[in-house]
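Below is one structure, written out as structure tokens, with a few remarks after it.
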Amino acid sequence: MTNISGRFYRAADYFKDDLPIVVQHNIHSPADFDPPESLNRRQFWKILYIIDGTGLLKINHREYPFGPGFVCLNHPDDLTNLALDRPVELCNILFLQKTIENDLARLYNDNSFFSIFRPDFRPEQSLSHNLLHLIDSNRRIYLEIRRLHHEYTHTDANSGEMLRHMLIGLLIEFSRQSARVFNRKRRQNAAGHIDRFLRENFAQPFDRERAAREVGMSKGYLFSYYRAATGRTIGETLLAIRLEEAKKLLAGTGMKIETVCYRCGFSDLSNFYKLFRRAAGTTPGAFRESARRQPPAARSAVFPAEISRNQPGDRIDHKKTRDRADHDVPEERDVPEMPLGVAGENADQHHAENRDPGHDRKVAGLVPARVFGEGDHDEQNRRIAESVPELFDRDAAADGPE
Numbered sequence: 019m020t021n022i023s024g025r026f027y028r029a030a031d032y033f034k035d036d037l038p039i040v041v042q043h044n045i046h047s048p049a050d051f052d053p054p055e056s057l058n059r060r061q062f063w064k065i066l067y068i069i070d071g072t073g074l075l076k077i078n079h080r081e082y083p084f085g086p087g088f089v090c091l092n093h094p095d096d097l098t099n100l101a102l103d104r105p106v107e108l109c110n111i112l113f114l115q116k117t118i119e120n121d122l123a124r125l126y127n128d129n130s131f132f133s134i135f136r137p138d139f140r141p142e143q144s145l146s147h148n149l150l151h152l153i154d155s156n157r158r159i160y161l162e163i164r165r166l167h168h169e170y171t172h173t174d175a176n177s178g179e180m181l182r183h184m185l186i187g188l189l190i191e192f193s194r195q196s197a198r199v200f201n202r203k204r205r206q207n208a209a210g211h212i213d214r215f216l217r218e219n220f221a222q223p224f225d226r227e228r229a230a231r232e233v234g235m236s237k238g239y240l241f242s243y244y245r246a247a248t249g250r251t252i253g254e255t256l257l258a259i260r261l262e263e264a265k266k267l268l269a270g271t272g273m274k275i276e277t278v279c280y281r282c283g284f285s286d287l288s289n290f291y292k293l294f295r296r297a298a299g300t301t302p303g304a305f306r307e308s309a310r311r312q313p314p315a316a317r318s319a320v321f322p323a324e325i326s327r328n329q330p331g332d333r334i335d336h337k338k339t340r341d342r343a344d345h346d347v348p349e350e351r352d353v354p355e356m357p358l359g360v361a362g363e364n365a366d367q368h369h370a371e372n373r374d375p376g377h378d379r380k381v382a383g384l385v386p387a388r389v390f391g392e393g394d395h396d397e398q399n400r401r402i403a404e405s406v407p408e409l410f411d412r413d414a415a416a417d418g419p420e
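In the numbering used here, the protein residues as written are 19 to 420.
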């Protein structure tokens, strides 16, 4: 999607040469953000804090409800706008990255919160941007913002340096609250986030470190958690997604079969033929010919994205086949299972005990990442899982629990 008639806010219009921080206290009406479908960008970073009012934050073509106490950190490349029900009172803190550049290397990057400031960060490619940087705040964040606003409006000797230190303090409080919120949301939606990561990156070799970082787990625990939560392995799901996409391309395009193979993340053509035939009961070429003879509605059928676990009593003969689906599909590593986010729960309790009652007006939960459907636990899917036992059921040394 492209930006629709949005504004581009330039740094030169807001910042003085000697003061790369701006703190604004504003009251906006719904008309200030017309047209509602427009999306805006800027040359600087922005922290938005809602003091009073409700509405929707539109960011990168998604919508998030907000109310008093909502706070978000906007990347310069974020496409944003507000849709308001009534006038809203807010505080904007605008700053340039050079303001905090020298401090970033010393900050503990809990759940990759500060990764947003890395040069290679792309908001549209991050699965955790909305979870880490759009949250319901606490009293400490509110007080830090008030102190920033007071310092900005009552400039004194060394105000620029004081504002810089206060901004770092605000970002640290933001990251701490973000970690608490993230742990809670991760417990609720982690499997869905992993599914989404696989769907958005199926064409590339599986990046275990990036996947673990996006979900906020250790590399070893990522596999054990997913298997315990869904009854299948990450490798099984990734294989099914790749085959699903291959079926779509074969039925809907004239792309060469070899191109389809590599486009869908397989690196070996013969393996692709073998796995496709086991899943579909026919070769890719025969499947394409059959699909072309079907009415358009029938062509939309795809492989289920989820694969059921083997039923109790099912036995896999590991000597019968030694095929690997593809060396890019992850090897599973089991680690001892343990509850998610124990530390996060303790932190949540501490947060609740220290929360300002006047800022406890929680808005509806942020829109969760979509959890893909249950899938059909049919014989065809079971055959996919059984076709590569070495890949999906390999026992290996554990990386250690999270």
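Beta carbons: idealized from backbone N, C-alpha and C, even for Gly.
Asked	Found
Reducing DSSP to helix, strand and coil, say where K292 ends up.	helix
Work out the CA separation of N148 and P313 for me, nearest whole Å.	40 Å
Apply the 10 Å Cβ neighbour rule to D154 and answer buried if 16 or more other Cβ atoms are within range, or exposed otherwise.	buried
Looking at the structure shown, is C90 part of a helix, part of a strand, or coil, going by DSSP?	strand
Applying the criterion that 16 or more other CB atoms from any shown protein chain within 10 Å of the CB defines a buried residue, is R164 buried or exposed?	exposed
Do Y82 and L150 count as a contact pair if the criterion is CB distance below 8 Å?	no
Quick check on W63 - is its C-beta less than 8 Å from some C-beta in chain B?	In the displayed structure, chain B is absent; only one protein chain is listed.
Can you tell me the Cα-Cα spacing of F135 and I111, whole angstroms?	16 Å
By the three-class DSSP mapping on this structure, what secondary structure does I118 have?	coil
Work out the CA separation of L166 and S130 for me, nearest whole Å.	25 Å
Expressed to the nearest angstrom, what Euclidean distance is found between the alpha-carbon atoms of P38 and F224?	40 Å
Curious, which full-length beta strand (DSSP E) runs of at least 3 residues does the segment 169-196 contain?	none
Can you name the start and end residues of the alpha helix (DSSP H) that K237 belongs to?	237-248
Under three-state DSSP, which class holds Y32?	coil
Could you pull out every residue in the same chain whose Cβ sits closer than 7 Å to the Cβ of G178, ignoring the five residues on either side in sequence?	D36, L37
With H, G and I counted as helix, E and B as strand and the rest as coil, what does DSSP make of D213?	helix
According to the neighbour-count rule (16 or more other Cβ atoms, all chains shown, within 10 Å of its Cβ), is H211 buried or exposed?	buried
Across the segment 225-238 and the segment 168-176, are there enough close Cβ pairs to call them in contact, namely three or more that are closer than 8 Å?	no
Going by the CB atoms, is the gap between A264 and C282 shorter than 8 Å?	yes
Is L240 closer than 8 Å to A230 when the C-beta atoms are compared?	yes
Quick one: give me the first and last residue of the beta strand (DSSP E) that K266 is part of.	Careful: K266 lies outside any beta strand (DSSP E), inside the alpha helix (DSSP H) at 252-270.
On a CA-only basis, which of G272, L267, P105 is nearest F51? Give me that one, please.	P105
If contacts are defined as beta-carbon pairs under 8 Å, then L57 and K76 qualify, I think. What distance do you get, rounded to the angstrom?	7 Å
Indicate the three-state DSSP secondary structure (helix, strand or coil) for H151 in the structure shown.	helix
On a CA-only basis, which of K64, T173, A208 is nearest A246? Give me that one, please.	A208
Is the separation between the beta-carbon of Q61 and that of R25 shorter than 8 Å?	no
Counting only the same chain and skipping the five closest in sequence on each side, list residues whose C-beta sits under 7 Å from that of D128.	S193, A197
Grouping DSSP H, G and I as helix and E and B as strand, with all else coil, what is F26?	strand
Check each candidate in E107, R80, V89 and name the one with the smallest Cα separation from N44.	E107
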